[in-house]
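**Student:** According to numbering that gives the first Met the number 0, the sequence shown is numbered sequentially starting from 0. For every residue, glycine included, the Cβ atom is placed at its ideal position computed from N, Cα and C. Here the structure is a predicted model, which means the values were calculated and not measured.
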Amino acid sequence: MKAHDGMYIDGAWRPAAGRDTIAVVNPADEQVIAEVPAGGAEDIDAAVRAARAALPAWAATAPAERAARIAALRDVLVARKDEIAETVTAELGAPLPFSQAVHAGVPILVAGSYAGLAASYAFEEKVGNSTVYAEPVGVVGAITPWNYPLHQIVAKVAPALAAGCTIVLKPAEDTPLTAQLFAEAVHEAGVPAGVFNLVTGLGPVAGQALAEHEGVDLVSFTGSTAVGRKIGATAGAAVKRVALELGGKSANVILPSADLAKAVGVGVANVMGNSGQTCSAWTRMLVHTSQYDEAVALAAEAAAKYGDRIGPLVNAKQHARVRGYIEKGVAEGARLVAGGPEAPREQGYFVSPTVFADVTPEMTVAQEEIFGPVVSLIRYEDGDDALRIANGTVYGLAGAVWAGDEAEAVAFARRMDTGQVDINGGRFNPLAPFGGYKQSGVGRELGSHGLAEYLQTKSLQF
Ligand code: NAD
Numbered sequence: 000m001k002a003h004d005g006m007y008i009d010g011a012w013r014p015a016a017g018r019d020t021i022a023v024v025n026p027a028d029e030q031v032i033a034e035v036p037a038g039g040a041e042d043i044d045a046a047v048r049a050a051r052a053a054l055p056a057w058a059a060t061a062p063a064e065r066a067a068r069i070a071a072l073r074d075v076l077v078a079r080k081d082e083i084a085e086t087v088t089a090e091l092g093a094p095l096p097f098s099q100a101v102h103a104g105v106p107i108l109v110a111g112s113y114a115g116l117a118a119s120y121a122f123e124e125k126v127g128n129s130t131v132y133a134e135p136v137g138v139v140g141a142i143t144p145w146n147y148p149l150h151q152i153v154a155k156v157a158p159a160l161a162a163g164c165t166i167v168l169k170p171a172e173d174t175p176l177t178a179q180l181f182a183e184a185v186h187e188a189g190v191p192a193g194v195f196n197l198v199t200g201l202g203p204v205a206g207q208a209l210a211e212h213e214g215v216d217l218v219s220f221t222g223s224t225a226v227g228r229k230i231g232a233t234a235g236a237a238v239k240r241v242a243l244e245l246g247g248k249s250a251n252v253i254l255p256s257a258d259l260a261k262a263v264g265v266g267v268a269n270v271m272g273n274s275g276q277t278c279s280a281w282t283r284m285l286v287h288t289s290q291y292d293e294a295v296a297l298a299a300e301a302a303a304k305y306g307d308r309i310g311p312l313v314n315a316k317q318h319a320r321v322r323g324y325i326e327k328g329v330a331e332g333a334r335l336v337a338g339g340p341e342a343p344r345e346q347g348y349f350v351s352p353t354v355f356a357d358v359t360p361e362m363t364v365a366q367e368e369i370f371g372p373v374v375s376l377i378r379y380e381d382g383d384d385a386l387r388i389a390n391g392t393v394y395g396l397a398g399a400v401w402a403g404d405e406a407e408a409v410a411f412a413r414r415m416d417t418g419q420v421d422i423n424g425g426r427f428n429p430l431a432p433f434g435g436y437k438q439s440g441v442g443r444e445l446g447s448h449g450l451a452e453y454l455q456t457k458s459l460q461f
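1) For residue 451, is the beta carbon positioned less than 7 Å from some heavy atom of ligand 1?
2) Just list the beta strand (DSSP E) runs in the stretch 238-264, keeping only unbroken ones of 3 residues or longer that don't cross its boundaries, in chain order.
3) What span of residues does the beta strand (DSSP E) with residue 220 cover, start to end?
4) How would you write the range of the alpha helix (DSSP H) that residue 106 sits in, first residue to last?
5) Quick check on residue 403: buried or exposed, where buried means 16 or more other Cβ atoms within 10 Å of its Cβ?
6) Helix or strand or just coil, what does DSSP make of residue 480?
7) Put residue 313 into one of helix, strand or coil per three-state DSSP.
8) Counting only C-beta atoms, is residue 73 closer than 8 Å to chain C at any point?
9) Taking the alpha carbon of residue 28 as the reference point, which residue from 86, 314, 329, 150 has its own alpha carbon closest?
10) For residue 271, name the three-state secondary structure that DSSP assigns.
11) Considering only heavy atoms of ligand 1, does any lie closer than 7 Å to the CB of residue 219?
12) Rounded to whole angstroms, how far is the Cβ of residue 385 from the Cβ of residue 295, which I believe are closer than 8 Å?
13) Buried or exposed: which applies to residue 0, given that a residue is buried once 16 or more other Cβ atoms fall within 10 Å of its Cβ?
14) Confirm the yes/no value for this check: CB of residue 422, any heavy atom of ligand 1, distance under 7 Å.
15) Determine the closest residue to residue 138 out of 392, 90, 194, with distance taken between C-alpha atoms.
16) At 3 residues or longer, what runs of the beta strand (DSSP E) sit wholly inside the stretch 315-391?
17) Where does the unbroken beta strand (DSSP E) through residue 281 begin, and where does it stop?
18) Ligand 1 and residue 223: does the residue's C-beta get closer than 7 Å to at least one heavy atom of that ligand?
Pasting the structure below:
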């Protein structure tokens, strides 16, 4: 795998200040495939200075020119989509068809959507005797996770560019090669030097230095709730803007009038995709007591069919963690009907698609984010009971409702404490706001709501 031994700062690949490196491991065979530099506070400082210096000119660029650069970036991603998919598969482990369709495909869609929004957004509006301007927040510190490595970068960088912000990106330790490829794409797209900068490094070192840097105006973070809480506190103390995209424990609510087989099948596939490493995955399946046994049988069958098509988890730590959660589920009395804690292969961080039945709402597997291919079937007695269970976690990122009648599903979804709900298997919409209620986060990504996160308003009175 191709790897740069430097940081992309101020429009060029520059040597890191220190000599530390991060080994990139292919989780399917546990082999080291590359080394990248592990940056520190000095590298972050150089990158933030470059971003600060580039800010006035980029902020003053006409929206149409920013739109043209983002469109060019989208075109480079299209031209290099096979390389993107291969890189994500090598460092994350996702099966190649999934990498092609989702890990390469979705960022192309999102970049395209921001090329359009940069051109059409109302950066200026009249309100009575005032003119209100939407101006860029300034320098953005973006900290991203490994589970959708390119999507999470593009979901921050594209709106930041559209808004006229400049950026320093600190990507996840496990997936730095995708981030380096993205930096090459930004360069090829003709984005001016200093507007986008990349520092690879460890979270508690480079990530923390970025979150604490006084030259950063907005910290945009996606990852665990534990780290998000820390970043929120740091930003709060500095009176700095923060956007947090955190964990989830979403409910898939199947109402009795729904097409049960479809709802269960799509629900299991939703959790198994990306090996369960999706913050918005519907990991709790809520089924009416009258249909429960049938749903359990259908879910076990769907998981078994998934079998070998599932990729590994990202690293040894996640492998141990997810298997630990499965053991805990068994210990707390949940019934395994597919999969289990045993590693299905000798090599690679694989976990079998796992289905738990007889899960009660307070069990650990029903409350905590497992981040693996594990779905828990929970029984409910009536609609109010289903709602109580659906809303009964600290999270509120996503969810699903299935019903024979769309209006019935919508009525239920409106009562859920969550940021996104798919009705009867609704399709992904790159323009719809994505983000959490409760401890799932602060702020929204994607579409015009995502763009607004990178803007601040100024009003002039006449
Ligand atoms: P993490 O929160 O530790 O890492 C996310 C990003 O934050 C990475 O770039 C990391 O380097 C950086 N980071 C870590 N510590 C930091 C610090 N002190 N200051 C600044 N930046 C820091 O997540 P993880 O360890 O990769 O995964 C652990 C768990 O988090 C997973 O099991 C899962 O439950 C959850 N997770 C959620 C999402 C999501 O999209 N919501 C994504 C990844 C992981």
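**Tutor:** Result, derived from the coordinates:
1) The residue labelled residue 451 in the question sits at position 452 within the sequence shown. No.
2) 240-244, 250-253
3) Numbered from its first residue, the sequence shown carries residue 220 at position 221. Looking at the DSSP string, the run of the beta strand (DSSP E) that includes residue 220 is 217-221.
4) Along the sequence shown, one-based indexing puts residue 106 at 107. Its alpha helix (DSSP H) spans residues 104-119.
5) Counting from 1 along the sequence shown, the entry for residue 403 is found at position 404. Classification of residue 403: exposed, given that the 10 Å Cβ count is below 16.
6) In the structure as shown, the chain starts at 0 and stops at 461, and residue 480 therefore has no counterpart that could be examined.
7) Walking along the sequence shown from the start, residue 313 turns up at place 314. Three-state DSSP puts residue 313 in coil, outside helix and strand.
8) Of the protein chains in the structure, only one exists, and it is not chain C.
9) Numbered from 1 along the sequence shown, position 29 holds the residue referred to as residue 28. When only C-alpha atoms are compared, the closest one is 314.
10) As a working mapping, residue 271 is identified with position 272 in the sequence shown. If DSSP states are grouped into helix, strand and coil, residue 271 belongs with the helices.
11) Locating residue 219 in the sequence shown gives position 220, where the first residue counts as 1. Incorrect: residue 219 has no Cβ contact closer than 7 Å to ligand 1.
12) The residue labelled residue 385 in the question sits at position 386 within the sequence shown. The residue labelled residue 295 in the question sits at position 296 within the sequence shown. That belief does not hold up - the Cβ atoms of residue 385 and residue 295 are roughly 17 Å apart, past 8 Å.
13) Residue mapping note: residue 0 aligns to position 1 of the sequence shown, counting from 1. Exposed.
14) As a working note, residue 422 is residue 423 in the sequence shown. Incorrect: residue 422 has no Cβ contact closer than 7 Å to ligand 1.
15) As a working note, residue 138 is residue 139 in the sequence shown. For residue 138, the nearest C-alpha among the options comes from 194.
16) 334-337, 353-358, 373-379
17) Numbered from 1 along the sequence shown, position 282 holds the residue referred to as residue 281. Neither: residue 281 is in no beta strand (DSSP E) and is coded neither H nor E.
18) On the sequence shown, position 224 is the one that residue 223 refers to. Yes, the Cβ of residue 223 comes within 7 Å of a heavy atom of ligand 1.
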